[in-house]
Amino acid sequence: MDPHLLRTFVAVAGCGSFSTAARQLGYTQSAISQHIAALESDLGTPLLHRRPVGPTEAGERLLDHAAPILLRLDAARADVLRAAAEPPGHLLLDLTPSAMTARIAHALTGIRRSMPGLDVTVRVAGRQAVLTAVATGECSFGLVDGVAAPGDPLHLLDVDTITGVAVAEEHLAVILPDAHPLARRTGLRLDDLLDARWIDAPEVAAPLPDLRTAAQSDNPAASIRYEGTDASALIALVAAGHGLVVLPAPAAAGRPGVRAVPLTTPRLVHRTELLHGRNAGSAATALVTALTSVTAAGTADGA
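Take the sequence shown: its letter number 91 is residue 91 in the UniProt record's numbering, and every next letter is one higher.
Okay, structure coming up:
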């Protein structure tokens with residue numbers, strides 16, 4: 001299966017249009033049609049309905065496989081290029097909105113002091129975007145957060161060219177409006193909140209599918225979805241009574257209109273991992289050391 005044809009198929013299916021996919025990929029529309037015809041001939045089955053444009057049942061199956069296949073190809077290319085050369089003096093850090101903690105910011109400050117000529121760029125993006133950027137070599141490394149049992153790794157991409165290192169584990173809290181009847185509790189069980197109104201904020205808060213898995217329930221269910229990456233805006237929605245979220249406990253500190261009540265059951269933590277390629281370079285290696293050292297010091301100090 002030719003990966004160029006597979007990329008074309010994914011683009012057409014995503015755009016719902018041959019002409020739009022052609023503009024996106026820089027091909028003529030006739031070339032796009034030829035790519036799809038060649039892929040369908042190779043697999044011996046139609047992959048796209050033409051009017052309107054959309055995947056057939058076989059095409060849906062192929063889409064399920066296409067993203068990880070193409071990602072692994074991009075990751076392999078990035079791994080080879082990392083081994084061949086390291087861009088001098090520049091470090092690009094992608095991170096998820098809840099990954100930047102005070103400890104991590106402090107570690108980054110230490111790196112810049114020890115390497116004064118280092119040019120650093122920090123970008124905030126969603127979890128999938130950060131994972132893909134690290135795997136494909138678009139960024140030097142990434143910081144990704146998520147929910148896990150204490151000591152367990154995050155369930156990330158199955159790409160063996162990137163490495164994940166735990167740099168922080170924090171307690172989780174349920175964020176409630178200040179006037180909520182449970183806001184003065186000293187702790188909350190997830191089971192007691194399954195029927196509450198929740199905000200689905202997959203890029204900032206604990207993803208609802210992870211909470212459902214932990215609760216072994218079809219709930220909690222979302223009353224509203226937030227697709228941004230701004231934690232302040234999300235907490236404002238909570239304060240206005242649109243629903244609850246689970247965040248690392250410090251996230252709501254000093255925020256008006258909300259209370260952070262520790263999540264006591266099930267036992268879950270907010271875990272942050274540093275992701276980097278196998279040949280990450282001296283700057284990224286130094287940051288790994290700094291991050292793990294700061295985390296270890298904070299743990300020893302009882303932070």
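Quick reminder that beta carbons are idealized off the backbone N, C-alpha and C, glycines included.
For Pro-3, which three-state DSSP category applies? helix
8 Å Cβ shell around Gln-29 - same chain, five flanking residues per side excluded: Phe-18, Ser-19 and Ala-22
First and last residue of the alpha helix (DSSP H) that includes Asp-210? 208 to 215
Cα-Cα separation between Thr-289 and Glu-170, rounded to whole angstroms: 19 Å
Just how far apart, CA to CA, sit Val-204 and Ser-41? 43 Å
Considering only residues of the same chain and omitting the five flanking positions on each side of Val-147, which have a CB-CB separation below 6 Å? Ala-206, Asp-210 and Leu-268
So, are the CB atoms of Val-130 and Val-246 less than 7 Å apart? no
Going by DSSP, what residue range makes up the beta strand (DSSP E) through Ser-200? The sequence shown places Asp at residue 200, rather than the Ser named in the question. Segment 198 to 200, the beta strand (DSSP E) holding Asp-200.
Val-134, DSSP secondary structure in three states: helix
Between His-49, Ala-66 and Val-53, which lies nearest to Leu-5 when the distance is taken from Cα to Cα? Ala-66
Just to confirm before moving on: does the CB-CB distance between Thr-201 and Tyr-226 stay below 7 Å? The sequence given here places Ala at residue 201; Thr does not occur at that position. Yes, they are a contact pair.
Sub-7 Å separation of Leu-176 and Leu-244 beta-carbons: yes
C-alpha distance - Met-100 paired with Leu-143, whole-angstrom precision: 8 Å
Extent of the continuous beta strand (DSSP E) to which His-35 belongs: Looking at the DSSP string, His-35 is not in any beta strand (DSSP E); the run it does join, the alpha helix (DSSP H), is 29 to 43.
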